[in-house]
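Visitor: Quick note on numbering: the sequence shown equals residues 518 to 835 in the numbering used here.
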Amino acid sequence: MNGGSAPQNVKEVVADKKLPGDDKKLPNHEAEIVNDYVSKLIAFYNIGFSSSDSTKRHVGRNIERDGWKGFVKKTVRPSLDWGFRRVQLHNPFGDDGEWPMELDQAIRAENEGFDYLTDGFVEAWRPVTRGDYTGGEPVEVVAYLGSYRLPEFEAMESSGDWPGWLGRAMQSVRLPLEAGMTLAFDSFVVAGPDSYAFRFVEHLRHNGHRVYIETWPNRRRTHWRHTNIVVAEQWFRRNHQSGNVVRREELTGEVVRLMAHTFPAAAKTPSAKVLSYVGSALSQGYSVSIHPRNLTQAVESAQELVETISDRRQASFD
C-alpha cells in the first residue's frame, strides 16, 4: 500500500468494465480517463466537529443513536453507489475542540466513556474497505487523525521514551488498521527528520501501511517529500508556487487537495464552480477530497462527472 499514487485496486484501467453508474461500454481511452479520475475522488465525512456539542466530543451525524453501521448504511453507501471508491473519515473518534486535534482521539474517547465511537467501528467499516458493497472492489477509507503535539507525546519524547511513544501511537491507530483503513495525520509536517513523529510514519510505511500527512512541506522539511500529503485548498491556492515550499515535481507521493472547507456541505455552491475546481485539480494529477453532496447533487454518477468535466475542458479549447 506504500507509494505515491492512488492505491492500485482503485486505479486499474479495464477498458470494458462496468463503471459505477454506467450501463454501457466505453472506448479504451474514455474508460481510462474515467477510471483515473474516479480513483482520485475522495468522499469527505467530518465526524469530529460535525456537532457543536462539546459534551459529545463534537460528534453528530446520529452516530450515538445509529452506531457506525447505521452511518455506513445511511450515509456512506449512497456515495459508493454513486461511484466514490475512496473515503476520508475526518476525526472519526471526535475531538475536545482544543487545538491541536488529537492523534490519540480513540484512546480519549474510550477513557471518556464514548463507547459508541469505538464499539462496532471495525465491524462496520471492514465490509466497506473489503468491497462488500462495491461488487468486490476494495474501497480506501482514510482515517484522518490529529497531531502528536500533545502533552502525553511531548513528555515521552522529551524523556527519550520511544517505546512508550510508539505504544500510545499504535494504540491510537489500532481500530482504523483493524478495519483495513489507511491513515492521515494532522500537522505532522512540522516534525523534523529526527522526531518521533517522522520515525512513527516511517515505521508504519515500513510495515506496509499507507500514510498521509498534512500539509505541503516547506524547504526546511524536505524529508517529507516522499510522503503522501493532504493540503487544504485555500493553502494550496495561496502557497503551492511559493519559493519557500518543496516544488510539485519534487513530491513523489500523492497530493490530495482538501476542498471540503472551500465547498461546505451545507452551502449551495453553484455546480459550475465546483466542477471547475474539481476538474482543474483532476486534470493536473491531484486527488480531491470533497463533501460528496457537492458532486452527487450536481451529476448523477461518477462517469457523468468525468464526462461533464471533459466536455467543459473541450469547450474551453473550441
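Beta carbons are placed, not taken as given, at the ideal position from N, Cα and C, and that holds for glycine.
Would residue 604 pass as an interface residue toward chain C - the criterion being a Cβ-Cβ separation below 8 Å?
Guide: Among the chains in the structure shown there is no chain C, since it carries only a single protein chain.
Visitor: Considering Cα atoms alone, identify which of 773, 812, 785, 657 is closest to residue 798.
Guide: Ranking the options by Cα distance to residue 798, first place goes to 773.
Visitor: State buried or exposed for residue 814, treating a residue as buried only when at least 16 other CB atoms are found within 10 Å of its CB.
Guide: The residue in question, residue 814, is exposed, as its Cβ has fewer than 16 Cβ neighbours within 10 Å.
Visitor: Go to residue 750, then tell me how far its alpha helix (DSSP H) extends in each direction, as first and last residue.
Guide: Residues 750-756.
Visitor: Please name the residue in 677, 601, 694, 686 whose C-alpha comes closest to that of residue 639.
Guide: Nearest option by C-alpha distance: 694.
Visitor: Excluding sequence positions up to five away, which residues of its chain have a Cβ less than 7 Å from the Cβ of residue 673?
Guide: 681, 682.
Visitor: Report the option in 558, 761, 783, 690 whose CA atom is closest to the CA atom of residue 603.
Guide: The shortest Cα separation from residue 603 among 558, 761, 783, 690 belongs to 558.
Visitor: How many Å lie between residue 600 and residue 653 at the Cα?
Guide: Looking at the two C-alpha atoms, the distance is approximately 14 Å.
Visitor: What residue range does the beta strand (DSSP E) around residue 562 cover?
Guide: Per DSSP, residue 562 belongs to the beta strand (DSSP E) from 558-563.
Visitor: Please confirm whether residue 643 and residue 708 have their CB atoms less than 8 Å apart.
Guide: Cβ atoms of residue 643 and residue 708: not closer than 8 Å.
Visitor: What residue range is occupied by the uninterrupted alpha helix (DSSP H) comprising residue 622?
Guide: 622-628 is the extent of the alpha helix (DSSP H) around residue 622.
Visitor: If you reduce the DSSP assignment to three classes, tell me which class residue 729 lands in.
Guide: Note: residue 729 maps to strand in three-state DSSP.
Visitor: I think residue 568 touches residue 577, with their Cβ atoms under 8 Å apart; what is that distance to the nearest whole Å?
Guide: The pair is a contact, with the Cβ atoms about 3 Å apart (cut-off 8 Å).
Visitor: Assuming residue 656 contacts residue 700 (C-beta within less than 8 Å), just tell me the rounded distance between them.
Guide: Between residue 700 and residue 656 the Cβ distance is about 15 Å, and since that is not below 8 Å, they are no contact.
Visitor: Nearest to residue 619 by CA position, among 563, 791, 787, 704, is which residue?
Guide: Nearest option by C-alpha distance: 704.
Visitor: Given residue 609, which residues of its chain have a CB within under 7 Å of its CB, disregarding the five upstream and five downstream residues?
Guide: Same-chain partners within the cutoff: 564, 660.
Visitor: Indicate the three-state DSSP secondary structure (helix, strand or coil) for residue 542 in the structure shown.
Guide: Note that residue 542 scores a pLDDT of 44, beneath 50, so its modelled location is shaky and nothing firm can be said.
Visitor: In terms of DSSP beta bridges, what is residue 701 paired with?
Guide: Per DSSP, 661, 729.
Visitor: Rounded to whole angstroms, what's the CA-CA distance from residue 574 to residue 641? Just pull it up for me.
Guide: Cα to Cα, residue 574 sits roughly 20 Å from residue 641.
Visitor: Which residue or residues does DSSP assign as beta-bridge partners of residue 550?
Guide: Per DSSP, none; premise fails for residue 550.
Visitor: Specify, as a first and last residue, the run of the alpha helix (DSSP H) that residue 804 falls within.
Guide: It is not in any alpha helix (DSSP H) - residue 804 instead sits in the beta strand (DSSP E) that spans 804-807.
Visitor: CA-CA distance, residue 612 and residue 668?
Guide: Residue 612 and residue 668: Cα-Cα distance of roughly 15 Å.
Visitor: Would you mind stating whether residue 742 and residue 767 have Cβ atoms separated by less than 8 Å?
Guide: Result yes, Cβ atoms of residue 742 and residue 767 sit closer than 8 Å.
Visitor: Based on the DSSP output, what are the partners of residue 606 in its beta bridges?
Guide: In DSSP, residue 606 forms a bridge with 562, 660.
Visitor: Quick one: is residue 745 buried, meaning 16 or more other Cβ sit within 10 Å of its Cβ, or exposed?
Guide: Buried is the call here.
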